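So the sequences go chain by chain: A and B.
If you're matching positions, the first sequence starts at 110 in our numbering and goes up one per residue.
If you're matching positions, the second sequence starts at 232 in our numbering and goes up one per residue.
For each residue, glycine too, the CB sits at the ideal point set by N, CA and C.
Just so it is clear, the structure is predicted and the values come from calculations on it, not from any experiment.
First the structure, in the form of structure tokens, and then the observations on it.
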Amino acid sequence: MSSNFKNNNTGAYTRQWSLGSTGSGSNSYINSGSASTGSGSSNTTQQASMINNPSKKSGLVPPASTSPPMAANQLTAAQSLELKKKKGWELAKSPAKNILMTGFFLWMIGNGINIFTMPVIIYAVINPIKAIFQVNAMFSRFSDLKDQVMEMKMTYIGIQLLLLGVTLYKCSSMGILPITQSDWISSLPIKKTIEFSSGSWV
Amino acid sequence: MSTTPTLLVLFIGLIVGCCLGIYEEEVGLRDWSIRNIGQLESVFDYDQDLLVQSKLLVYNQNTNNYTNSFSLALLDKNTGITKWRQLIPVQEDTFEQILINDLDKDYFITISNGNIIRYWSRVNGELIWNQVIVSTNQCYQASFVNIDTLRVLCLDSVVFLSIKRGTILSSANIDSEKNYQSIPNTFYLYYRDTDNNVQFLPINYQNSKVDTSKSKHSVSLDLAAGDQVTGHLALEGAIVYTSSANNIHVLDIQEEKNGNALNVEKQTIALFSLIKEQGISIVGVDSVYPDNRFTVVLSNKSKLLLEYTNRRLSVITMIEQHYVMVRPSLSGQQQQLFIGSNKSDGKIELALATESAKNPQPLPMGINTTVNGDIESIFSTDKQGYCLVVTNDWAIHMIQYSSRADEPPILLWTREESLSSVLASEIIDFPLPELAKLEEFEYEFNSTQGFIQHFTRRITTQIQDLVSLFMGSSTDANKDVIINQDNGNKQRTPKMILLTTLAGKVFGLSSDKGTIVWSRYYSDFDRSRAESKIFITKKTLYYPPEAAIVISTTSKSSSTKSVVSFINPLNGKESSNKIINHNILHASILPIVDDHHHQLLMIAVDYPPNQPSPMVQVYPWNEYIRHHSFASMKNIVNYYLVNHTAATVQGYRIDSMANGLKGQLKSDPTWKISFGANHQILAVGSSNAHEIIQSPAVILGNRNLLPKYVNRNVISIASLDPKLSLLTITLVDAVSGITIKSFTHAHSAAKVSIVHTENSVVYAHYDLTSHKQHISVIDMFEKTVEWTQDTYSSLSTSKQDIAANLIIKHKTFDFVQGLIKTMRLAITTKGITSKNVLVGTVSGQILPIDKKWINARRPTPEEALPTDQEEGLIPYGPRLAFPPFFYITFNTTIPALRSIETQGTDLESTSIVLAYGVDVFCTLIAPSLPYDILSDSFNHIALIITSIVLLILTFISKNWKDSLALKKKWK
């Protein structure tokens, strides 16, 4: 089954992804892609873009364009969906592996505020936020899962928020979160005495 | 082997030298001091130097008056700079004599306190020995018997001392009721008995014992009935008596060659045989001058200068009443007999009495009665025409005089000795540079001014600054202020220090070098009341600034009188003055400003006298104040009067207008605290009006807030029960009169200093039993605070509210670095820098102590929590000890330190500190290190060169990279 066709009317390629239909090439790509999601959300994003346009990055040619379809090896639509669902959940839960590692890393850097700790903290704050904002792009390939994709997204966001929470906890223990009374002391008024008094000796 | 100790000594010497070197480097870098000697009393001339003895008036806080103290100094004759100065201990309140050793003029003798004899070196002011004659305290005259022996004449004895060692060799008792006097160059004493016989008593010291074997002698004055002796003095070889019958009796004394007998011949000369004027009588004799000259005081207050030579009395001249006669020289040193005029027209003139008083020479410009007052005394130091003129303002002027009419007197130098008794001080900015002014405006900006006005002012100021930059001139209006800044001045913008003195002179000193920019003399200042205050009524920001000087003045009537003089503090010129014909009870500046930026000055006067509701006057009192500020003033302005004798503190509140046209208001008593008749009020502390509070709460270790109880109306009253030596510190709200808390200390001495800062009261007291100087601190916090309110009203807070809501902590520390004389808070411009308490010790040194050391919340080590450590609280230890290099006075002292004044500078990290006692001392301190300024050692040139080199290298490397890239592309 052909996968990429140029739409004559719009001039854009229409992508129809066929899992496993061409044998090891496609599967190996997905496997390697899913394995790489474990290394962090930035890799996940990269992988997502690679999935969207695999020929661009990997140099792998989609087998559908070169090999004739083999009906015996093709999965049914239901199986395909099941597999997709499995991969979707894998992707949604993938950041959970980072929680412990991030926590350990943050614990190791100590509470001092210096040029070495601040980049780590900044990246640890930015990455979950960035991942949350890219969640739609990340899960676009699972759009045919309809109702379940939302759950995946929520799970993904939840785990990212948990990661963010770990980082913010670290920030608070470092004292760089304005969450205590003392952080707002500059906005507190210094009370002026209305009355005035002075004195002398007689 | 012998070289090792030598090397060791050299090594130690090197280290000590290095240590001293460190001090030497620091002294004078950021500080200056004016070393005073006091009111000149006697001078001795040493060609290039002047040995002077002078009197100092030292303020005694316990008795609230001034006691006499004395100093000795060696001045450079050409510059007036002190080469050395020695202060006689303050407890010695009399000074009887200074006597130069005729046989070795590098040494001299002093008698002070009636019985303390000291022998000094003139070269370096070193004390060779001192001897206390314990049997008496009424020694009054010393004379040298021979090269080894000194004779001291006391009321009841004659004591002989060794000049070399100061030991008492022998003594002889004399009748204390006879008041013996010595005769120069003889060993005879004389006195006059009730029958007007002059008795001569020989007391000599020979062969290590007192010799009284020589014959006594007696001569009758033969006074007529009703004639009484009015005065006497001893000349060389003669004694002169004056009597009420206008006769001068001269007893000519000749010792026989063998020294065993005395020949006395009496002459009686009638006054009218000497002068032609009739109707004048003799009042007494005055002074003895060299060459057997002396003066007789006449009833018309003029003086008759006489000379006794060759057994003949002759008149030299008559000195009129308005002339001041030169003081007699020490040890018969040669001198010129100057007279100075105190004429009613205000001119000060100098003349020679021996020639003619008809050709007086006016003193140089700058010395006149307006600036200096009348001549008080003249000291002639030699025959060369040099003389020292002391004027009523205690200033000492060195004059070079020539009797030739075409050579007017030259002023060589002037010392302003009134600075030795400073009464009050204030510090004000010089006109600021435009950009600094902009910062000030921004800081003072508030919502009442409005954004548009603020923005317009900002733009205008910046344009003015640009214009002045291009035009090469400043737009500042102070063209009349000239400050010489050629000595590597460390202060970016120096300030003007205003000082009022006991002599009635007010000074404006520049804070960078201590130069006197201007002075103003108030001739009618009442020195006995010594009341003087300075208030800045208009800041320099709103040019021209204004200061109000409130001084007590002398009055011909018995009623007290005061003057409020409004001056420009930058040049000392008076703009206006108000005479107040009543006793001033209280004067203060109010936090109310009129439309011309004048701060209101409030003066409470005792009128009607001794009534419970004193009248209050307010300056300026104009339409703006009447319409805009009067209503609020009625409700907010309070004051309190501390009655020292009755041990009461009475609070008042301005109540109603008595006479709105003249700015007179009535004050009503509101509260009163009486400590009992047997108590003394030692001190009253209040918050410093200049202090800026930046933080409303303390940040705890867990990052919660502990709100400070910031009430500027809290005063602390230190009272003492002398019988029990029980010190009570009572915290009182001065508006409502509510007693907030009191603390007691047993066995306390009657000396307390108090400092208020933010929510803390720091006080120093001395424990009589443990002989320890303590510093105690009271810190006040609030349990809950309504942060939405930005004002605090004492009147709307009840005693129950205060008791329920306040957390009051108290701690006491031992201060181990001497007795404390005074304390003051180091003020910074915006109050961001950590608070420091400046402790002035009795020894005259100043030590800044960070408030974190004097903190009532310091936990004991066993109670300390991790959060306390997180907060930075130092575990409690009773001792407050600091290394000696913390002293901001380094190795110098301010004798008889009286008070410390501080003010912020244009840099937040830095405070200017002014301290005065006998000396005036000024320095810059950085309590938390100079964090907003580059250090002195910062290499500006290296920074500039590095920047330029980096810029050039960047440019070169960029071009090089471009050319490389181009070449690569062409390959």
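- Counting only Cβ-Cβ distances below 8 Å, B/Trp1018 has contacts in chain A at Leu297 and Pro298, in chain order.
- Look at A/Lys301: its C-beta is under 8 Å from a C-beta on chain B.
- Of the candidates B/Phe686, B/Pro800, B/Ile641 and B/Ser793, B/Pro800 places its Cα closest to the Cα of B/Ser656.
- When Cβ-Cβ separations below 8 Å define contact, B/Val495 makes no contact with chain A.
- DSSP lists A/Ser307 and B/Tyr883 as the beta-bridge partner residues of B/Tyr870.
- Taking C-beta separations shorter than 7 Å and ignoring five residues to either side along the sequence, the partners of B/Thr1124 in its chain run Ser1074, Gly1075 and Gln1076, following chain order.
- Residues Leu303, Gln317, Tyr338, Phe339, Ile340, Thr341, Glu357, Leu358 and Ile359 of the same chain have their beta carbon placed closer than 8 Å to that of B/Trp351, with the five preceding and five following residues left out of the count.
- B/Thr791 is positioned such that its CB atom lies no closer than 8 Å to that of B/Ile765.
- For B/Lys532, there is no enclosing alpha helix (DSSP H), as DSSP gives it neither H nor E.
- With respect to chain A, the C-beta atom of B/Ser984 has no partner C-beta closer than 8 Å.
- Counting of Cβ neighbours within 10 angstroms places B/Trp625 among the buried residues, the total reaching 16 or more.
- Counting along the chain, no beta strand (DSSP E) covers B/Lys744, and no H or E run does either.
- Between B/Thr768 and B/Glu762, the C-beta spacing is not below 8 Å.
- Counting other Cβ atoms within 10 Å of its Cβ, B/Thr1185 stays below 16 and is therefore classed as exposed.
- Judged by DSSP in its simplified three-state form, B/Ala1034 adopts helix.
- Non-local beta-carbon contacts of B/Ala818 in its own chain, meaning distances under 6 Å to residues more than five positions away in sequence, involve Lys764, Val781 and Ile834 in chain order.
- The three-state reading of DSSP puts B/Ser388 in strand, counting E and B together.
- At a beta-carbon threshold of 7 Å, the residues of chain A lying near B/Asp1021 are Pro298, Lys300 and Lys301, ordered along the chain.
- For B/Glu1132, the CB contacts under 6 Å within the same chain, skipping 5 residues up- and downstream, are Ser656 and Leu1145 in chain order.
- By the neighbour-count criterion, in which a residue is buried when 16 or more other Cβ atoms sit within 10 angstroms of its Cβ, B/Lys1192 is exposed.
- When B/Val1068, B/Thr585, B/Lys574 and B/Asn404 are compared, the shortest CA-CA separation from B/Thr1053 is found for B/Val1068.
- A direct Cα-Cα distance of roughly 11 Å separates A/Cys280 from A/Val229.
- Taking a C-beta cut-off of 7 Å against chain A, the contacting residues of the region 862 to 873 of chain B are Ile867, Val868, Asn869, Tyr870, Tyr871, Leu872 and Val873, listed in chain order.
- Inter-residue distance for B/Gln830 and B/Tyr774 is about 14 Å (C-alpha atoms, whole angstroms).
- B/Arg943 belongs to the set of residues whose beta carbon lies under 8 Å from a beta carbon in chain A.
- For B/Ala403 against B/Val389, the beta-carbon gap comes to about 5 Å, under 8 Å, which counts as contact.
- Under DSSP, B/Arg1055 forms a beta bridge with B/Leu1069.
- Here B/Thr612 really is in contact with B/Gln566; their C-beta atoms are around 7 Å apart, less than 8 Å.
- In the structure shown, B/Glu272 adopts extended strand secondary structure according to DSSP, grouped into three states.
- Put simply, of B/Thr1043, B/Pro1161, B/Leu1160 and B/Ile1156 the residue whose alpha carbon is nearest the alpha carbon of B/Arg1110 is B/Thr1043.
- Assignment of B/Gly597 by DSSP, reduced to helix, strand and coil, places it in the coil class.
- The residue among B/Ala456, B/Trp263 and B/Leu643 with its C-alpha nearest the C-alpha of B/Asn309 is B/Leu643.
- Between the alpha carbons of B/Lys903 and B/Ser1166 lies a gap of roughly 53 Å.
- Secondary structure at B/Tyr940: coil, using DSSP grouped into helix, strand and coil.
- Taking CB atoms only, B/His1041 has no neighbour in chain A less than 8 Å away.
- Residues of chain B whose Cβ lies closer than 9 Å to the Cβ of A/Thr289 are, in chain order, Ile930, Asn933, Arg934, Asn935 and Leu936.
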